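These notes are about the structure you will find just below.
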Amino acid sequence: RQLACDLNVNNTLALQNSKMIKTYVAIDPRVRPLAMVIKYWTKRRGINDAGDGGTLSTYTWICMLISFLQTREPPILPNLHETPHTLSKDNLVIHGLNSSFCCENMEGFGSDNHETLGGLLYAFFRKFGYEFDYNRQVVSIRSGSLVSKREHWRDDKLCIEEPFDVRRNLGNSVDEASVKGLQLEFQRAVSLILE
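Take the position in the sequence shown, starting the count at 1, then add 14; the result is the number in the working numbering.
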């Protein structure tokens, strides 16, 4: 049996990534089980190993889920970077933007949204299988919305903005064929749910 892990030394940004995910997970009780189902699904379908090329990392999948939940109507998750807050002690300025985000208890933020776990899972698959415009849109947790591709990402096939270093594309490990394969996986999931 093999064990895969990431090892970071003196990387405070990695700590902020983990803290951000933990903060988002605490906001709504649907986030953790959805993340676990998506993580399980990506592992079973063999599409969660960015280091091997052609697929996405678990962190990238979780960023996609957070963005998806920010864009529901009404939203289930807030935009923590834009929510007013005092800068954290570990704040870094990266490309002119603060890495700090709101860590206050926002539990219940998404209580006006009554979508079920199953409905959200279906909508997640549908979003990235049929609705997301891979040629024009960027997944962005930092903005809390889908944004237009920036000039420096115009050739990338899947754009998922790293929430702390907005010039970094978390989707840069996939090429055109891989993006088509991911779309087919999303579409396959939609059809399985509808059966």
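Heads up, the beta-carbon is just placed ideally off N, CA and C, and yes, glycines get one too.
Since this is a predicted model, take the numbers as computed values, not measurements.
>> Comparing C-alpha positions only, which one of 31, 96, 204, 168 sits nearest to residue 72?
In response: Taking the sequence shown and counting its residues from 1, the one referred to as residue 72 is at position 58. Looking at the Cα atoms, 31 is the closest of the given residues.
>> Using only the alpha-carbon positions, how far apart do residue 119 and residue 39 sit?
In response: Sequence index remark: in the sequence shown, residue 119 carries index 105 (1-based). Sequence index remark: in the sequence shown, residue 39 carries index 25 (1-based). So the two alpha carbons sit approximately 11 Å from each other.
> Rounded to a whole number of angstroms, what is the C-alpha to C-alpha distance between residue 201 and residue 144?
Replying inline: Here residue 201 is taken as the residue at index 187 of the sequence shown, counted from 1. Here residue 144 is taken as the residue at index 130 of the sequence shown, counted from 1. Taking the straight line joining both Cα atoms gives about 7 Å.
>> With three or more beta-carbon pairs closer than 8 Å as the criterion, would you say the segment 48-64 touches the segment 129-139?
In response: yes
> With DSSP run on the structure shown, which of helix, strand or coil describes residue 199?
Replying inline: The residue given as residue 199 occupies position 185 in the sequence shown. If DSSP states are grouped into helix, strand and coil, residue 199 belongs with the helices.
> Do the segment 184-193 and the segment 166-176 touch if we need at least three Cβ pairs shorter than 8 Å?
Replying inline: yes
>> By DSSP's criteria, residue 108 is part of a beta bridge. Which residues make up the other side?
In response: The count along the sequence shown starts at 1 and reaches residue 108 at position 94. Looking at the DSSP assignment, residue 108 forms a beta bridge with 111.
>> Within 10 Å of its beta-carbon, does residue 149 have 16 or more other beta-carbons around it, so buried, or fewer, so exposed?
In response: The residue given as residue 149 occupies position 135 in the sequence shown. Residue 149 is exposed by the Cβ-count criterion.
> In or out: residue 124 buried (at least 16 other Cβ within 10 Å) or exposed?
Replying inline: As a working mapping, residue 124 is identified with position 110 in the sequence shown. Counting Cβ neighbours within 10 Å, residue 124 comes out buried, since at least 16 surround it.
>> Does the segment 54-63 come into contact with the segment 72-81, if we say contact requires no fewer than three beta-carbon pairs (one atom in each stretch) closer than 8 Å?
In response: yes
> Are there 16 or more other CB atoms within 10 angstroms of the CB of residue 153, so buried, or fewer, so exposed?
Replying inline: Start at 1 with the first residue of the sequence shown, and residue 153 comes out as number 139. It counts as buried.
> Does the Cβ of residue 98 have 16 or more other Cβ atoms within 10 Å, making it buried, or fewer, making it exposed?
Replying inline: For the purposes of this step, residue 98 is identified with residue 84 of the sequence shown, where counting begins at 1. It counts as exposed.
>> Just to confirm my understanding: we take residue 203, look at its own chain, exclude 5 residues before and 5 after, and list those with CB closer than 6 Å. What are they?
In response: Walking along the sequence shown from the start, residue 203 turns up at place 189. Within the same chain, residue 203 has close Cβ partners 139.
> Which of helix, strand or coil does DSSP assign to residue 152?
Replying inline: By one-based count along the sequence shown, residue 152 stands at place 138. Three-state result, residue 152: strand.
> Between the beta-carbon of residue 212 and the beta-carbon of residue 131, is there less than 8 Å?
Replying inline: Residue 212 lies beyond the residue range present for the chain, which begins at 15 and ends at 209; the question has no answer from this structure.
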